[in-house]
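Take 265 as the starting number for the sequence shown in my numbering and just add one per residue.
Quick reminder that beta carbons are idealized off the backbone N, C-alpha and C, glycines included.
The structure under discussion appears below in the form of structure tokens.
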Amino acid sequence: MNKSDAATTPVANISAATRQALLAMPKAELHLHIEGTLEPELALELARRNDVQLPWDSLDDLRSQYSFENLQSFLDLYYQLMAVLRTADDFCDLMLAYLARASADGVRHAEIFFDPQVHLDNGLDFDTVVDGLLEGLRLGGERYGISGGLILSIVRDKPIESAQHVIDLAERRAHDLLGIGLDSAEVGYPPSLFEECFSRARAMGLHCVAHAGEEGPADYVEQALDLLHAERIDHGVHAIDSDEITARLAYDRIALTMCPLSNRRLQVISDLRDLPIRRFLDRGVAATVNSDDPAYFGGYIGANYQALAEIGFSLDELCGFAKNSISYSFADEERKHQLLSEFAEWKQNTAENV
Ligand code: HPA
Ligand code: ZN
């Protein structure tokens, strides 16, 4: 990848009408960690509510922690703050807070990761977490009309027995889950370690996705396809380093769930212009735009679309990402059709205003 020294990207002025149109554009969010939507205000409120001691007692103090050198420095804070989540109501509140923001950003369907191993290590039951998140999704569905589901994500740098244990627990709740994913510290934890876990999840009827090529090499993307049968690749940035793997993603119609603001904040790229999203497009790879951990990375999904507009992506290109997000979601065909119709209607009403 071509890394530049610039820490920030000079931005083109995009009009207020374009900003607004990008927020209103119907879209799906396919790469979102629910624990990564824990805003510092809610973290402190839950710490008080649940009598959990955190090392930071003021909002400013906590906010001063939000500068990251790499994935691990973010994960350290992200896992530490998860200790404030204790009850099903906490998970429900967290989900509803996310869905309210997502709705304001035009999200109509969301496929949402959660990290059960961390909550189990914190002494919670699997069912407490799943029940709270599902109740939030149900209420959010009623309130905002957002559809979606949960993707159980394996925390790859925890002991393999802990991954196997959550697969055991998932067996009983498979009908409540949409898929299985793989996240956390990537380098040194290749997809090959999780072949059996994914094979069991696939046998339960779960969709398979995996983070690969965020900090890890293109080879991890290939392993995720060959060994985990991943149907989408989360991030996939480093796939661009291999012509062969990039061509395979295009040929096999495997979408990438890319996260521009996350990649910049975690210094996967030093400048947004270095994100290889256009290079993927040019080679026929379907990309989508997502927010990853928006409470930590400076913006929800709308801000990610706006950031791409600021570095010169056209409305047509941004529309392509939104249509991909619907087409490559795991929604059923009827829902996809409905969302694509909403998208077409939005496009017709919007085209002359921006
Ligand atoms: N990468 C890997 N694991 C994660 C991330 C991420 O961006 N966010 C939460 N867990
Ligand atoms: Zn992620």
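By DSSP's criteria, residue i is part of a beta bridge. Which residues make up the other side?
i, result
"Ile-291", "The sequence shown places Lys at residue 291, rather than the Ile named in the question. Paired residues: Val-371."
"Ile-444", "Leu-416, Cys-472"
"Asp-557", "Looking at the DSSP assignment, Asp-557 forms no beta bridge with any residue, so it has no partner."
"Phe-377", "His-297, Ile-415"
"Asp-498", "His-475, Thr-521"
"Ala-551", "Leu-520"
What number of angstroms, rounded off, separates the C-alpha of residue i from the C-alpha of residue j?
i, j, result
"Gly-480", "Asn-613", "42 Å"
"Ala-514", "Gly-548", "5 Å"
"Asp-432", "Ala-361", "30 Å"
"Gly-469", "Phe-544", "30 Å"
"Asp-505", "Tyr-343", "30 Å"
"Tyr-484", "Glu-616", "44 Å"
"Arg-402", "Gly-413", "10 Å"
"Leu-287", "Asn-277", "16 Å"
"Val-419", "Val-618", "42 Å"
"Leu-384", "Ile-298", "16 Å"
"Tyr-569", "Ala-438", "33 Å"
"Ser-589", "Glu-293", "7 Å"
"Lys-267", "Asp-391", "With a pLDDT of 38 at Lys-267, under the threshold of 50, the predicted position of this residue should be treated as unreliable, though the coordinate-derived value follows. In a straight line, the C-alpha of Lys-267 is about 44 Å away from that of Asp-391."
"Glu-609", "Tyr-408", "18 Å"
"Asp-269", "Leu-539", "No answer about Asp-269 holds up, because its pLDDT of 35 lies below 50 and its placement is not dependable."
"Leu-446", "His-295", "12 Å"
"Ala-311", "Leu-341", "15 Å"
"Leu-441", "Ile-415", "6 Å"
"Val-454", "Arg-350", "The amino acid at residue 454 is misidentified as Val; the sequence shows Pro. Between Pro-454 and Arg-350, the C-alpha separation is close to 31 Å."
"Glu-435", "Ala-449", "25 Å"
"Val-382", "Met-346", "8 Å"
"Ile-497", "Leu-520", "5 Å"
"Cys-229", "Ser-456", "A query on residue 229 cannot be resolved here, the shown segment of the chain reaching from 265 to 618 and no further."
For residue i, count neighbouring Cβ atoms within 10 angstroms of its own Cβ and tell me buried if that reaches 16, exposed if not.
i, result
"Ala-281", "exposed"
"Ala-271", "With a pLDDT of 41 at Ala-271, under the threshold of 50, the predicted position of this residue should be treated as unreliable, though the coordinate-derived value follows. Classification of Ala-271: exposed, given that the 10 Å Cβ count is below 16."
"Glu-375", "buried"
"Ser-322", "exposed"
"Asp-490", "exposed"
"Arg-528", "buried"
"Gly-387", "exposed"
"Asp-357", "buried"
"Ser-328", "exposed"
"Gln-317", "exposed"
"Gly-405", "exposed"
"Ser-279", "exposed"
"Arg-639", "As shown, the chain starts at 265 and ends at 618. That puts residue 639 outside it, with no answer to give."
"Glu-486", "buried"
"Met-265", "Interpretation of Met-265 is limited by its pLDDT of 44, a score under 50 that renders its predicted location unreliable; no figure is taken from the coordinates."
"Ser-526", "buried"
"Leu-314", "Per the sequence shown, the amino acid found at residue 314 is Asn instead of Leu. So Asn-314 counts as exposed."
"Gly-452", "exposed"
"Ser-555", "buried"
"Thr-273", "Note that Thr-273 has pLDDT 49, beneath the 50 cutoff, so the model's placement of it is unreliable and the number below is only indicative. With 16 or more Cβ atoms within 10 Å of its Cβ, Thr-273 is classed as buried."
"Glu-305", "exposed"
* Per the contact definition of three or more C-beta pairs closer than 8 Å, is the segment 326-334 in contact with the segment 530-544? -> Segments in contact, yes.
* To do: List in chain order the residues whose CB is within less than 6 Å of at least one heavy atom of ligand 2.
  => His-295, His-297, Asp-447, His-475, Asp-498, Asp-556
* Count the C-beta pairs between the segment 593-600 and the segment 569-579 that are closer than 8 Å, then say yes if the count reaches three, no if not. => Segments in contact, no.
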